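>
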Amino acid sequence: MVKISSFKWLFGRNSEFWPTNMKTGMWAWVGHRLTGLVLVVYVFLHLSFLSQASLSHASFDELMETMSQPLFVFLDFLLVCAVIYHAMNGFRVVLFDMGIGIRRQKLVFWIAMAVAAVIVLVAFYVLFNEGLFKGEWF
Amino acid sequence: MGERRIATSKVAGTWAWFFQRLSGVLLVILLALHIYVDHYMDVGVELTVGEVHTRMKQLVFIVVDYSMLAMVLFHGLNGTRTVLFDFDMFIKRKKLVDVGLWVLGVATMIWGIFVLFPFING
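Note that the protein sequences, when read in sequence, are chains A and R. Its first residue numbered 318, the first sequence is counted upward by one per residue in this note's numbering. Its first residue numbered -18, the second sequence is counted upward by one per residue in this note's numbering.
What follows is the structure in structure tokens.
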């Protein structure tokens, strides 16, 4: 049996995961894991949406028309943000594994986030500029 | 660290670590291309099976998409494995976790191969 008290290291006030106990590197790590798990779930969602085409071409085309509504495009945009964060922080981890920058891990994190922010802004600009957020949201 | 005793890196293994890095770097490149080609290059074009088929009938996209799926499944499920091994209850059941994730990965790969057929055949 799994007891709640055995998770105190994870959720307790004295645990390193309690928000006020977390610093930059820890937030980066938690963010990497959360975005990672979200993206794993998305891969399965992605495949199940694509598998609509195996039922009939028409039902897939119809589904894609629904998915082109601004709300879903916005969710796609959030997904792209998660990918970009995970990729940029992933590069940071790879650099550390090669012995580069680990003593400057906070600085490297903020450089990675600056690059991520630029890519996110470009992505948003393209979507906005092409009018993909126009029309009915719900 | 409270109750934690075993370093996750000791449980997960060196090859898992190495291929996680390799697939990660390759996925950044492939995914950037995937998102650009599939979602930005033809923004505004209505997305249909026929439209996707014009791309998916080309061998290069078939090869790239299937290798990307294999890599993404490895990277995602191996990442999940790392997260699970942060918990003692999963370290204790290492064999079960490994077999379970391999079965899930291989089954999803087979499913994924069939999922692309309508787009390849048109």
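Backbone N, C-alpha and C fix where the C-beta goes; we use that ideal spot for every residue, glycine too. Since the model is a prediction, treat every value here as computed from it, not as a measurement.
Buried or exposed for R/Leu50, going by 16 or more other Cβ atoms inside 10 Å?
R/Leu50 should be labelled buried.
> Under 7 Å between beta-carbons, which chain A residues line up against R/Phe100? List them in chain order, please.
Those within 7 Å of R/Phe100 in chain A are Ala370.
> Is there a Cβ of chain B sitting closer than 8 Å to that of A/Phe426, yes or no?
Of the protein chains in this structure, namely A and R, none is chain B.
> Which runs of the alpha helix (DSSP H) fall wholly inside the stretch 370 to 400 of chain A and span at least 4 residues, in chain order?
For the stretch 370 to 400 of chain A, whole alpha helix (DSSP H) runs of length 4 or above, ordered along the chain, are 374 to 384.
> For A/Arg420, is the classification buried or exposed, using 16 other Cβ atoms within 10 angstroms of its Cβ as the cut-off for buried?
By the neighbour-count rule (16 or more Cβ atoms within 10 Å), A/Arg420 is not buried but exposed.
> Between A/Leu364, A/Lys325, A/Ser332, which lies nearest to R/Phe98 when the distance is taken from Cα to Cα?
Taking only the C-alpha atoms, the option nearest R/Phe98 is A/Leu364.
> Within the continuous alpha helix (DSSP H) that includes R/Thr(-5), where are the two ends?
That run of the alpha helix (DSSP H) goes -5 to 16.
> Taking Cβ-Cβ distances below 9 Å as the criterion, which residues of the stretch -3 to 26 of chain R are in contact with chain A?
Listed by position, the residues of the stretch -3 to 26 of chain R near chain A (Cβ gap below 9 Å) are Trp(-2), Arg2, Gly5, Val6, Leu8, Val9, Leu12, Ala13, Ile16, His20, Tyr21, Val24, Gly25.
> Let me know if A/Phe426 comes out buried or exposed under the rule of 16 or more other beta-carbons within 10 Å of its beta-carbon.
Buried, since its Cβ has 16 or more Cβ neighbours within 10 Å.
> For the structure I just gave you, are there three or more beta carbon pairs, one from the stretch 17 to 27 of chain R and one from the stretch 61 to 68 of chain R, closer than 8 Å?
Too few Cβ pairs lie closer than 8 Å, so no.
> Name the chain A residues that come within less than 8 Å of R/Gly57, Cβ to Cβ?
Residues of chain A passing the Cβ test: Gly353, Leu356, Val357, Val360.
> Any C-beta of chain A sitting closer than 8 Å to the C-beta of R/Leu28?
By this cut-off, R/Leu28 is an interface position.
> Pull up the distance between the alpha-carbon of A/Val410 and that of A/Ile436, whole angstroms please.
The straight-line gap from Cα to Cα measures roughly 19 Å.
> Any C-beta of chain A sitting closer than 8 Å to the C-beta of R/Val96?
Chain A, which has a Cβ nearer than 8 Å to the Cβ of R/Val96, makes this yes.
> Compare the Cα-Cα distances from A/Glu447 to each of R/Lys38, R/Val24, R/Ala13 and report the closest residue.
Answer by Cα proximity: R/Val24.
> With respect to the alpha helix (DSSP H) encompassing R/His46, which residues constitute its N-terminal and C-terminal limits?
Per the sequence shown, the amino acid found at residue 46 of chain R is Asp instead of His. First-last of the alpha helix (DSSP H) with R/Asp46: 40 to 65.
> Determine the chain A residues that contact R/Met37 at a beta-carbon separation under 9 Å, and present them in chain order.
In chain order: nothing, as chain A lies at least about 10 Å away.
> State the DSSP-derived secondary structure class of A/Ser322, mapped to helix, strand or coil.
Three-state DSSP puts A/Ser322 in a helix.
> Drop a sphere of 10 angstroms on the beta-carbon of A/Asp414, count the other beta-carbons inside from all chains shown, and report buried for 16 or more, exposed for fewer.
When all chains shown are included, A/Asp414 counts as exposed.
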